[in-house]
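See structure below.
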Amino acid sequence: MRWLRRAAPHLVLIPFSLAVVLPLLWLLRVSLTDRRTAYQIPPEWSTPHLGNYVEIFTAYPFATWFWNSLSVALLSTAVALPLATMLAFAFARYNSGGAPLRLSILASQMLPPIVMVLPLFAVFLGAGLLNSRTAVVIAHVGMNLPFLAWMMIAFFEGEVRQLEEAARVEGATRFQAFWKVAVPVAAPGLLAAALLAFIMSWNEFLFALILTGKRTATLPVGLSTLDTHRGVEIALLAAANMVAILPVFLMMPFLRRYLIKGLSLGALK
Amino acid sequence: MKKFLLASSMLIASAFGAEAQTINILMESVPDTRYVQEMLPEFKEKTGIDVQLEVVNYAEMHTKLVPQLVAPEGSYDVIIVDFYWVGEFTKAGWLQPLDERIQADEFPVDNYIPSIMDLTGKVDGTTLMLPFYNYAMGLTYRKDLLEDPKHQEAFKAKYGRDLKVPTEWPEYLDQVKYFSEDAGIEGFKGVVNQGQRPDPISMEWSNYLFANGGRYYDPETWQPTLATPEGIAALTQYRDSIQKYGPIGAANFSFDDAFNVAAQGKAYSYLTFNMFRPVYDDPASSQVVGKMEIAPVPGGGMNGSWGWAIPKSSPDPDAAWEFIKFIESPEIAKKRALLGGAATQKQIYEDPELIEKFSYYPQLGELLAYAQNFPVFTYTPEFVDVLGRELSLAVADGKDPKEALEQVDKDFAELLRKDGKLQ
Amino acid sequence: MTEIRLANVTKTYAGGQTAVDAVDLTIHDGEFFVLLGPSGCGKSTTLRMIAGLEPISSGDLFIGERRMNEVDPKDRDLAFVFQNYALFPHLTVKGNLTFGMKLRGVPGPEQERRLAEVTAMLGLAPYLDRKPGQLSGGQRQRVALGRALLRDPVAFLLDEPLSNLDAKLRAQMRTELVKLHRRVARTIIHVTHDQIEAMTMADRICIMQDGKVAQVGAPMEVYRNPANTFVATFTGSPPMNLVPGRLEHGAVQFAGASLPVDVRASGGDVTVGFRPEDLSLVAAPARLPINAEVVAVETLGADAILVASLIGGQEVGMRVPADTALSPGQPIAVHLDPDRLRLFDPGSGKTLPRR
Amino acid sequence: MTAAIAQRDRWFGFAMTLPGLLALLLVVLFPILFTLWTSTSDFTLLKPSNDAFLGLSHYTQAFATPEFRHALSVTLAFVVAVVVLEFLVGFAVALALDKVEHGKAVYYVILLFPLLMNPIVVGLIWKMFLHPTLGIVNYVLSLVGIPPVDWLGVPDNAFWTVVAVDIWHQVSFMIVLLLAGLAALPKEPYEAARLEGAGTIRCFFWITLPLMRPVIVVTLLIRLIFAVKTYDIIYIMTRGGPGQATELVSYYIYRRAFVGLDVSQASAMAVILLLVVLALTAWLHRYMRSLAQ
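Protein chains in written order, with the numbering used here: chain A, 1 to 269; chain B, 270 to 692; chain C, 693 to 1047; chain D, 1048 to 1340.
This is the structure:
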């Protein structure tokens, strides 16, 4: 029975992981071949070659795209995270602005982004920020802030509240209770939200398209150019995608620590 | 005078050691863009002007361009315009007329193939663009199978005519049927179609329409004419192509999906843009190297092209013109064509050096000469959207062809009225 | 002189419910004061208002001479121990203990000194580097107490700190808390719903009912002279027996018996109350016996609770020696000392004042 | 006078919201107000300015457009399908991931991969995998004797294929949030429940589900709002076809603005969409909260 209990989660996770990994493996294979072989059915195994990986860096400014995306996503998350944490805390603890403010903040994200594009373009044109990464960062902060705040509200509810009270009677100011207790205790939730914010910014396409120029184009904008009028450069796209999902590996150490931390917190509360 | 100004401004710029003059161009990610890229060092050497090509995907180009064009001063000195957008861009007044500059510099505009100049050059007598490259559609087919005596014999026996490059539409339809049903090749189809909404299906179906002698509208009155026997026949044939003779799934194929079927050697024919022709001979993309050829669509295929333009919001129109003049000069146009570019000037299709290099060049020239146009007006993109929707409904969702086309006529008329074309 | 005084303190929630209704209380300096009552009686809310965790709707709170209504919790100099201990999960035991001192900028060496003192007192030294998640319930409880102790506050506010412990540990902690109180000589306000805790630890008990103070007094005072039937039944285990009776000419008649009483009221219906231990079994012909019939005997070990049915059907409990051999249905005679009788008004439940 | 602490609370709450609200002012509030204005005006891309006040005519016109109504209904079906299925799959995986003893980090990394992929790339690669004759999926199916499936060429198939691809891409979003919620759950209630003899299933329904409710509500809401805005995948995979099977409203509104050039009309449709989603959100929010009581 014990082995069953231990095996049960894997029974769910292994099929799920396969559903994710098998397509990615096939994509990896595509990235190591050419378009002709990629579409060949039944598949023919040719010797893998790294030409596509070389080409995305030489024939396309892939490194620039990657760096632009990384810096935009990191920066916008770094700016949005504290702002959203404070917003969420004010909502959860002090009910600032009440339900109307909360809902209207969320509502701001219900408009299809396409209708936001024209006024936003005008704003950045007027501010002289067009074609800059700053513009995209600002737009992404605006885009992510409401979601982050909403996600975090839930993490400030429940038992964190009492811990803050304990801090308050221990002599903490409101802000200290927030900063020294609520934030660290809600950390797993906040980090999960930050991770999602990073990803949303990493993938955001429309604002990046409208607001960036040649030198500041992000990965989504760059990758979309591989879908050309003369067909999809599928092998290049696969190679580019393989490199583009690298940040997950870069996040590995951080994730590992976060996961363990998340666990130990859960054990207590 | 302009030359002088340009020259003196360059002089000043260099005298003060300022950064070199730069112009920005928004382009699409196609091979022709790459060929333009290769000409840039020469341009820089000649004029000292740096050219920055910003490349985006076709679908995003319009979205990205419009805010720039609406702005009082945008980021782009030069843009390229798809024939789809010509009506819209001219109606909105976003493009600068080029006639004065053409006259001043005696630019040889007569070189352009007239049908293409009509599409992305002159609008109501004013030259707003110079054609950049064309993407007229042709019939690509399996030359090796067509010339195979075995198939020639079998085809003749069954259909009572010779198996040859089709010059009549019914001839082609018979070939499609033959290769799907009678040729006896496992998993092989007579045709592959691009049935996805809205542009792939609309552009491809246009060939069927023209081939059946149909047309979009009465050129005298702008009255839509799709729900006619010709139109209905075209749509019925098209539906049969997809459902009976084409590979499974063609009702949602983009041109890429469809091309790959042809390039994998799984279909006899594919009506597509002429720029795909060289790709069949690229071993990295194709299993049918040397086996595909292109021919004009019987009845005249669908035309398409891009043009160079200087937007009103251009920060530096003079430098922009310098660039257009350079890149479209006969000498550079030939160089681009030699790299594989889809030329728009007549003399290139007659150039022995090019015919030597690309065996299919005469056919391309012929194809362009007979190509027919799409209705070009302010709301062309929206018209294509409507057309694509109704065609797709008829092909994939069982809508009656006649009903579908009546709906198109109705919406088309409304758009024409909105544009003032139709009273 | 840090007396804690509540004057007419009321807590009304936004929804309109009144949780605490015009409470007047004075808690003396150094006193072990217990707020006792069933859940929902407003005792925790009262404690939280004292701590500043809950705003006071109306009335005044004084600590010493100072009115505290508008003072932030951090400036009230009170320590609070929560029912779930509210240990900071992201800090070690040491981090938890020194949290308040750090905030207040207590110098490092001083922190260390006090930490050593308190960890020794509570036996926490081996756990200093653990996270709260790695501690048992009792250990967490000690850390919570230690954190409060290190504060060296004006008063300790304890919100049901023992309710999450098992019975044995709870009894042990009761004794320890009392010892601790003696040692630190600070005011403790302890909230509980457990009357045994209240009786065993308190200097004075305040029993709350529906947001109001029902009675304040020393444990035995409350036990002996409950202010009303609610207090009478909430204290003692088993609770005070209450039976209907009638007052006439200086005697109360109930269950076929008539006992002289010494109350100001002259006549009318009353509720008669007496504790189980005030009853005793007597041989049949005794002075003023009450006749009853055995219903059941519940042996507790040291003694037993005999449930008897009086004339008129009222069931009462009485404390009898554990070896009492009686079986259900057996008739008995019971003696009740009239001095131990308490009379209540059947309408209001209030005690009838003695003469 | 008793308001003093409450007053300080209010001010503190206000101070905490201020930086965030200021940030939203420029990037969010201005475009929204602009959109509202435009929706009652005559802004087209041919004449990009708000000149005439047209009242609510764009709104009545929107409702009179069968394509818009159709797009709304397809979107509703899509959103419900996607949110419900992703929630079910996501919760199962999150629970498993929360329980798993070995390999947690590896699983976690795996589930993040699709999220880091651009929707355009996801659409393109799945279109390749699902190509009826050249795709690996139908090939694998053929190995076990299943005839080729027309994933995207038939209206019903296309709808569910798009839903499935969206799930593949986005389900991890739910998992990450739900897992964070699970990690923050107290352990005591479970211990208590186990002592009472509750099994895994009862624990789930009696403890996990009620305690997770706030996180679940937020996760569902956010996913719902994202799902309403889905358009890249549609653009790449079907362009709303075949027929009108995958005509999602965001993609439709996009075309009203940038293909039909009628920004005012698109704005009015966007505002209608906003109101619908807002009402749905408010209702869902209230309903879920009331369940928690």
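Each residue gets a CB set at the ideal place from its N, CA and C atoms; glycine is no exception.
Treat the numbers as computed from the prediction; the structure is a model and nothing was measured.
Query: CB-CB under 7 Å to Ile234 of chain A, same chain, minus the five flanking residues each way: which ones, in chain order?; Result: Val30, Arg35 and Ala38
Query: For chain D, is any of its Cβ atoms less than 7 Å away from the one on Trp179 of chain A?; Result: no
Query: At the 7 Å Cβ level, is Ala1274 of chain D part of the contact set with chain A, yes or no?; Result: no
Query: Quick one: is Met242 of chain A near chain G, going by C-beta distance under 7 Å?; Result: Chain labels in this structure do not include chain G; the protein chains are A, B, C and D.
Query: Ignore the nearest five residues each way along the sequence and tell me which others in Phe772 of chain C's own chain have a CB closer than 6 Å to its CB.; Result: Ala743 and Leu849
Query: Using C-beta distances below 7 Å, list every residue in its chain close to Ser471 of chain B, excluding the 5 sequence neighbours before and after it, in chain order.; Result: Val653, Leu656, Gly657 and Leu660
Query: Rounded to a whole number of angstroms, what is the C-alpha to C-alpha distance between Val136 of chain A and Leu148 of chain A?; Result: 17 Å
Query: According to DSSP, simplified to helix, strand and coil, what is Glu437 of chain B?; Result: coil
Query: Is there a C-beta anywhere in chain D that falls below 7 Å from the one on Val335 of chain B?; Result: yes
Query: Which residue spans inside the stretch 786 to 815 of chain C form an unbroken alpha helix (DSSP H) run of at least 4?; Result: 800 to 814
Query: Looking at chain A, which residues of the stretch 771 to 802 of chain C have a Cβ within less than 7 Å of any of its Cβ atoms?; Result: Ala771, Phe772, Phe774, Asn776, Ala778, Phe780, Pro781, His782, Phe791, Gly792, Leu795 and Arg796
Query: Helix or strand or just coil, what does DSSP make of Arg1260 of chain D?; Result: helix
Query: Which chain D residues are close to Asp764 of chain C, counting only those with a beta carbon under 8 Å from its beta carbon?; Result: Ile1052 and Arg1055
Query: In the structure shown, what three-state DSSP assignment does Arg832 of chain C receive?; Result: helix
Query: CB-CB under 6 Å to Arg1046 of chain C, same chain, minus the five flanking residues each way: which ones, in chain order?; Result: Asp954 and Val955
Query: List the residues of chain D whose Cβ lies closer than 8 Å to the Cβ of Ile517 of chain B, in chain order.; Result: Pro1179, Thr1180, Pro1195, Asp1197 and Gly1200
Query: Strictly below 7 Å CB to CB, what residues from chain B border Gly1287 of chain D?; Result: Arg466
Query: Who are the neighbours of Pro853 of chain C on chain D, taking C-beta pairs under 7 Å?; Result: What Pro853 of chain C touches in chain D: nothing, since even the nearest Cβ is about 16 Å away.
Query: Roughly how many angstroms separate the alpha carbons of Phe448 of chain B and Lys427 of chain B, rounded to a whole number?; Result: 12 Å
Query: With 7 Å as the limit, tell me which residues of the stretch 203 to 218 of chain A have their beta carbon closer than that to any beta carbon of chain B; keep them in chain order.; Result: Leu209, Ile210, Gly213 and Lys214
Query: In whole angstroms, give me the CA-to-CA distance for Pro584 of chain B and Leu70 of chain A.; Result: 31 Å
Query: If you compare alpha carbons, which of C:Gly751, C:Gly937, C:Gly948 and C:Ala890 is closest to Val923 of chain C?; Result: C:Ala890
Query: Among B:Pro631, B:Tyr404 and B:Ala373, whose alpha-carbon lies nearest the alpha-carbon of Leu388 of chain B?; Result: B:Tyr404
Query: Which of the three DSSP states is assigned to Asp716 of chain C in this structure?; Result: strand
Query: Taking DSSP as the reference, what is the three-state secondary structure of Trp577 of chain B?; Result: strand
Query: If Ala578 of chain B and Leu397 of chain B are in contact, beta carbons under 8 Å, what's the gap, nearest whole angstrom?; Result: 6 Å
Query: Could you tell me which chain A residues have their CB closer than 8 Å to the CB of Leu745 of chain C, listed as they occur along the chain?; Result: Glu165, Arg168 and Val169
Query: When you compare the CB positions of Val1012 of chain C and Ala996 of chain C, do they come within less than 7 Å of one another, or not?; Result: yes
Query: If I'm right that Gly965 of chain C touches Phe1036 of chain C with Cβ under 8 Å, what's the distance once you round it to whole angstroms?; Result: 6 Å
Query: Would Pro1257 of chain D pass as an interface residue toward chain A - the criterion being a Cβ-Cβ separation below 7 Å?; Result: no
Query: Any beta carbon of chain A sitting closer than 7 Å to that of Thr1091 of chain D?; Result: no
Query: Looking only at DSSP bridge pairs, what is Val944 of chain C linked to?; Result: C:Leu939 and C:Leu951
Query: Tell me the DSSP bridge mates of Gly960 of chain C?; Result: C:Leu939
Query: Three or more beta-carbon pairs under 8 Å between the stretch 162 to 174 of chain A and the stretch 1238 to 1254 of chain D, yes or no?; Result: no
Query: Can you list, in chain order, the residues of its chain whose CB lies under 6 Å from that of Leu633 of chain B, leaving out five sequence neighbours each side?; Result: Asn543
Query: Alpha helix (DSSP H) containing Tyr39 of chain A: first to last residue?; Result: From DSSP, Tyr39 of chain A is part of no alpha helix (DSSP H); its letter is neither H nor E.
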